[in-house]
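I have placed the structure first, in the form of structure tokens, so that the comments after it can refer back to it.
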Amino acid sequence: MTDSSSGKESGSEESVVLKRDQIRDACSKGDLDALSRLATSPAGLVDDQLRCIAWPILLGNSCKSEPSGDIKPWADLPPHREEDQVKLDVNRSFVYYPRNQSDEQLEARKQELLHLITEVLRRHPMLNYFQGYHDIVQVLLLVLGPQAATPAVASLSLLRIRDFMLPTLTAALSHLRLLPAILGRADLALSQHLAPIQPFFALASTLTLYAHDIEEYGDIARLFDFILASEAVMPVYLFAVIILQRKDELLDIPPDEPDMMHFMLTKLPKPLDLELLMSETKSLFARYPPDTLPNRAWSRISSYSVLKTTRDPQSLARQTLQQGEEYFEFHAAQVRREQQMQAIVAEVRKQIWLYRRPVLVTVTVAVGFVALWMGRDGGSGAMHGLWSWAYRGFAASVMGRR
991 MTDSSSGKES GSEESVVLKR DQIRDACSKG DLDALSRLAT SPAGLVDDQL RCIAWPILLG
1051 NSCKSEPSGD IKPWADLPPH REEDQVKLDV NRSFVYYPRN QSDEQLEARK QELLHLITEV
1111 LRRHPMLNYF QGYHDIVQVL LLVLGPQAAT PAVASLSLLR IRDFMLPTLT AALSHLRLLP
1171 AILGRADLAL SQHLAPIQPF FALASTLTLY AHDIEEYGDI ARLFDFILAS EAVMPVYLFA
1231 VIILQRKDEL LDIPPDEPDM MHFMLTKLPK PLDLELLMSE TKSLFARYPP DTLPNRAWSR
1291 ISSYSVLKTT RDPQSLARQT LQQGEEYFEF HAAQVRREQQ MQAIVAEVRK QIWLYRRPVL
1351 VTVTVAVGFV ALWMGRDGGS GAMHGLWSWA YRGFAASVMG RR
């Protein structure tokens, strides 16, 4: 455990003492609502001593355990397919913190991090490692220590950042597509100015829960208080607030220079006023919750996505790792079906272009049936969009024959 208070406690000493007591009381009672309110209020959970108690509760793993019985040591489990990449990334870890550590101490930290990530991946081999995962895990390791971090990282991986660990980044990119909708509600003029660029500029920050961007240990630990106490969509709202705060800079960039806008948005401003950011993020979320966003943005998110399975904190606290694995498999299968459908549509469009009207009716009806079949399990809005496309094509072909 590393001290992250860094003299950043706000308010009087008396208020800090009171808040510590409130945090301990909420933890002892398992009062998730009270603990979440405290974690998202100014100064968060105050220090790592309290985080060690509170984070496992926020992650829901304080009352969960792996299946009983003879559990193999992780070192005896089959290697995960991405362990070579894990080793490369771990060698680049602990760049900014902890400070004042000898080479031997840093090497020991890296070994702990390597073992932690490897154990989680070997015990849950369906998970796919992504570059930046080690940035997230090192924060939990420093706060909780190796033993407590293992179940915490497993819970985080399967129940909160599961979308990022699917076989492709398709689900992670779906998170980013909420950004234009949020901005469209909060500031239409700015949203229209940014319309020429895709929101992929936010990928690195949201994918790593900002652990790749923030260089001060106390700051990232404080931000994790906020993130772990909130639903999984909150990092997207946080990025929206960062964009809104940079409105004047962005509007100064001509709309015909999208590359410049993209470059600016990939670089977060320094320093970040985290307390202000988190306060404004809570406010933005309260004004424009995800299910009120325009253009059916929320309905296009998979029902298996962490964006939807983390909406109810009480329900999330009861979710098991096995349920997380089931959501993973359902979501991965859904993504595969959508990718297959996209391939079908691409081929259909190619055939239409080559042969035009003789095959138009046949292929549009076929696409319609496939879209309905693939979307029968309540999948994402993409299926409904494909059906609409097929229907419009069929209607156009009929009108063209008159």
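Just so you know, my numbering puts 1191 at position 201 of the sequence shown, and the rest follows in order with no gaps. Glycine residues also receive a C-beta, built at the ideal position from the N, C-alpha and C atoms.
Subject >> Within the stretch 1288 to 1313, ranges of the alpha helix (DSSP H) (whole runs, at least 4 residues) >> reply: 1296 to 1299 and 1303 to 1308
**OP:** Please report how far the alpha carbon of Ala-1029 lies from the alpha carbon of Asp-1037, in whole angstroms.
**Re:** What you label residue 1029 is simply residue 39 of the sequence shown in a count that begins at 1. What you label residue 1037 is simply residue 47 of the sequence shown in a count that begins at 1. Whole-angstrom Cα-Cα distance: 11 Å.
**OP:** My understanding is that Pro-1115 touches His-1070, with C-beta atoms under 8 Å, so please give their C-beta distance in whole angstroms.
**Re:** Residue 1115 sits at position 125 when you count from the first residue of the sequence shown. Residue 1070 sits at position 80 when you count from the first residue of the sequence shown. Rounded, the Cβ-Cβ distance is 6 Å, consistent with contact.
Original post:
Excluding five sequence neighbours on each side, which residues of the same chain lie with their C-beta closer than 8 Å to the C-beta of Lys-1100?
Top reply: For the purposes of this step, residue 1100 is taken as residue 110 along the sequence shown, with counting starting at 1. Correct list, in chain order: Val-1080, Asn-1081, Ser-1083 and Phe-1084.
**OP:** Tell whether a beta-carbon distance below 8 Å holds between Ser-1164 and Ser-1295.
**Re:** Translated into positions along the sequence shown, residue 1164 becomes position 174. Translated into positions along the sequence shown, residue 1295 becomes position 305. In contact: Ser-1164 and Ser-1295 (Cβ atoms closer than 8 Å).
Original post:
The alpha helix (DSSP H) with Thr-1140 in it runs from where to where?
Top reply: Here residue 1140 is taken as the residue at index 150 of the sequence shown, counted from 1. 1136 to 1145 is the span of the alpha helix (DSSP H), which, as asked, contains Thr-1140.
Subject >> alpha helix (DSSP H) segment containing Ala-1098, residue limits >> reply: Numbered from 1 along the sequence shown, position 108 holds the residue referred to as residue 1098. Run containing Ala-1098: 1093 to 1113, per the alpha helix (DSSP H) assignment.
Original post:
Considering only the beta carbon of each residue, do Gly-1034 and Asp-1215 sit closer than 8 Å?
Top reply: In the sequence shown, residue 1034 corresponds to position 44, counting from 1. In the sequence shown, residue 1215 corresponds to position 225, counting from 1. It is a contact, given that the beta carbons lie within the stated cut-off.
Original post:
Using the beta-carbon count (16 or more within 10 Å), is Gly-1020 buried or exposed?
Top reply: Here residue 1020 corresponds to residue number 30 of the sequence shown, with the count starting at 1. Exposed, since its Cβ has fewer than 16 Cβ neighbours within 10 Å.
**OP:** Could you check what DSSP says for Gly-1368 in three-state terms: helix, strand or coil?
**Re:** Indexing the sequence shown from 1 puts residue 1368 at position 378. Summary for Gly-1368: the model assigns pLDDT 48, below 50, so the residue's position carries little reliability; its value from the coordinates is reported in the next sentence. Correct three-state label for Gly-1368: coil.
**OP:** Report the rounded CA-to-CA distance for Arg-1277 versus Leu-1156, giving the unit in angstroms.
**Re:** Stepping through the sequence shown from its first residue, residue 1277 is reached at position 287. Stepping through the sequence shown from its first residue, residue 1156 is reached at position 166. The straight-line gap from Cα to Cα measures roughly 31 Å.
Original post:
Taking the alpha-carbon positions, what's the Asp-1281 to Pro-1063 distance?
Top reply: Translated into positions along the sequence shown, residue 1281 becomes position 291. Translated into positions along the sequence shown, residue 1063 becomes position 73. Going from the Cα of Asp-1281 to the Cα of Pro-1063 covers about 43 Å.
**OP:** From the DSSP output, in three-state form, read off Leu-1035 for me.
**Re:** Residue numbering aside, residue 1035 sits at position 45 when the sequence shown is read from its first letter. In the structure shown, Leu-1035 sits in coil (DSSP, three-state: anything other than H, G, I, E or B).
Original post:
Count the other CB atoms within 10 Å of the CB of Ser-1181; is the residue buried (16 or more) or exposed (fewer)?
Top reply: Here residue 1181 refers to the residue found at position 191 when the sequence shown is read from its first residue. Classification of Ser-1181: buried, given that the 10 Å Cβ count is 16 or more.
Original post:
In chain order, what residues of the same chain lie with their CB nearer than 7 Å to the CB of Phe-1120, ignoring the 5 residues before and after it?
Top reply: Here the question's residue 1120 lines up with position 130 in the sequence shown. Once the five neighbours on either side are set aside, the close Cβ partners of Phe-1120 are Phe-1154, Met-1155 and Leu-1197.
**OP:** Excluding the 5 residues preceding and the 5 following Tyr-1087 in the sequence, name in chain order all residues of the same chain whose CB lies nearer than 6 Å to its CB.
**Re:** Sequence index remark: in the sequence shown, residue 1087 carries index 97 (1-based). Tyr-1207.
Subject >> Length of the line joining the Cα atoms of Ser-1147 and Val-1110 >> reply: Taking the sequence shown and counting its residues from 1, one reaches residue 1147 at position 157. Taking the sequence shown and counting its residues from 1, one reaches residue 1110 at position 120. Those two C-alpha atoms are separated by around 9 Å.
Subject >> Whole-angstrom C-beta distance between Val-1231 and Glu-1270, which should lie under 8 Å >> reply: The residue given as residue 1270 occupies position 280 in the sequence shown. The residue given as residue 1231 occupies position 241 in the sequence shown. Contact flag correct, Cβ pair sits at about 5 Å.
Original post:
Who are the Cβ neighbours of Ala-1024 in its own chain at under 7 Å, not counting the five residues just before and after it?
Top reply: Translated into positions along the sequence shown, residue 1024 becomes position 34. Result list for Ala-1024: Ala-1016, in chain order.
**OP:** Could you check if Glu-1328 is buried or exposed, using at least 16 other CB atoms within 10 Å of its CB as the buried criterion?
**Re:** The residue you call residue 1328 lines up with position 338 of the sequence shown. Flag for Glu-1328 reads buried.
Subject >> Where the alpha helix (DSSP H) through Gln-1086 begins and ends >> reply: Position 96 of the sequence shown, counted from the start, is the residue given in the question as residue 1086. What sits at residue 1086 in the sequence shown is Tyr, not Gln. Per DSSP, Tyr-1086 belongs to no alpha helix (DSSP H) and is neither H nor E.
Subject >> DSSP-derived helix/strand/coil call for Tyr-1119 >> reply: Position 129 of the sequence shown, counting from 1, holds the residue named residue 1119. Note: Tyr-1119 maps to coil in three-state DSSP.
Subject >> Three-way DSSP call (helix, strand, coil) for Leu-1274 in this model >> reply: The sequence position of residue 1274 within the sequence shown is 284, counting from 1. Of the three classes helix, strand and coil, the one that applies to Leu-1274 here is helix, per DSSP.
**OP:** Measuring alpha carbon to alpha carbon, tell me which of Leu-1173, Ser-1092, Asp-1209 and Val-1127 ends up nearest Asp-1263.
**Re:** In the sequence shown, residue 1263 corresponds to position 273, counting from 1. Taking only the C-alpha atoms, the option nearest Asp-1263 is Asp-1209.
Original post:
Taking the alpha helix (DSSP H) that Gln-1182 falls in, what are its first and last residues?
Top reply: Sequence index remark: in the sequence shown, residue 1182 carries index 192 (1-based). Here the alpha helix (DSSP H) through Gln-1182 covers 1178 to 1184.
**OP:** Return the residue from the list Leu-1241, Arg-1152 and Gln-1128 that minimises the CA-CA distance to Leu-1178.
**Re:** Walking along the sequence shown from the start, residue 1178 turns up at place 188. Looking at the Cα atoms, Leu-1241 is the closest of the given residues.
Original post:
Relative to the alpha-carbon of Asn-1118, which residue among Gln-1332, Val-1133, Ala-1162 and Gln-1091 has its alpha-carbon at the smallest distance?
Top reply: Counting from 1 along the sequence shown, the entry for residue 1118 is found at position 128. Minimum Cα distance to Asn-1118 is reached at Ala-1162.
Original post:
Thinking just about the alpha-carbon of each residue, which of Ser-1145, Leu-1255, Glu-1316 and Lys-1009 is nearest to the one in Trp-1045?
Top reply: As a working mapping, residue 1045 is identified with position 55 in the sequence shown. That would be Ser-1145, whose Cα lies nearest to the Cα of Trp-1045.
Subject >> 8 Å Cβ shell around Leu-1173 - same chain, five flanking residues per side excluded >> reply: Taking the sequence shown and counting its residues from 1, the one referred to as residue 1173 is at position 183. Only Leu-1180, Ser-1181, Leu-1184, Ala-1230, Ile-1233 and Leu-1234 meet the Cβ criterion.
Subject >> Delimiting residues of the alpha helix (DSSP H) encompassing Val-1006 >> reply: As a working mapping, residue 1006 is identified with position 16 in the sequence shown. Unbroken alpha helix (DSSP H) run through Val-1006: 1003 to 1019.
Original post:
Using the beta-carbon count (16 or more within 10 Å), is Glu-1004 buried or exposed?
Top reply: Along the sequence shown, read from residue 1 onward, the residue named residue 1004 stands at position 14. Under this definition Glu-1004 is an exposed residue.
**OP:** Classify Glu-1221 as buried or exposed, calling it buried when 16 or more other Cβ atoms lie within 10 Å of its own Cβ.
**Re:** On the sequence shown, residue 1221 is found 231 positions in, with the first residue counted as 1. Glu-1221 comes out buried.
Original post:
Can you name the start and end residues of the alpha helix (DSSP H) that Ala-1208 belongs to?
Top reply: Working through the sequence shown from its first residue, we reach residue 1208 at position 218. The residue you asked about is not Ala; residue 1208 is Gly in the sequence shown. Looking at the DSSP string, the run of the alpha helix (DSSP H) that includes Gly-1208 is 1207 to 1218.
Original post:
When you compare only the Cα positions, how much space is there between Ser-1225 and Ser-1026?
Top reply: On the sequence shown, position 235 is the one that residue 1225 refers to. On the sequence shown, position 36 is the one that residue 1026 refers to. The sequence shown places Pro at residue 1225, rather than the Ser named in the question. Rounded to whole angstroms, Pro-1225 to Ser-1026 spans 16 Å at the Cα level.
Original post:
Can the beta-carbon of Ala-1192 be found less than 8 Å from the beta-carbon of Leu-1283?
Top reply: Within the sequence shown, numbered from 1, the residue matching residue 1192 stands at position 202. Within the sequence shown, numbered from 1, the residue matching residue 1283 stands at position 293. In this structure, Leu-1283 does not lie closer than 8 Å to Ala-1192 by Cβ.
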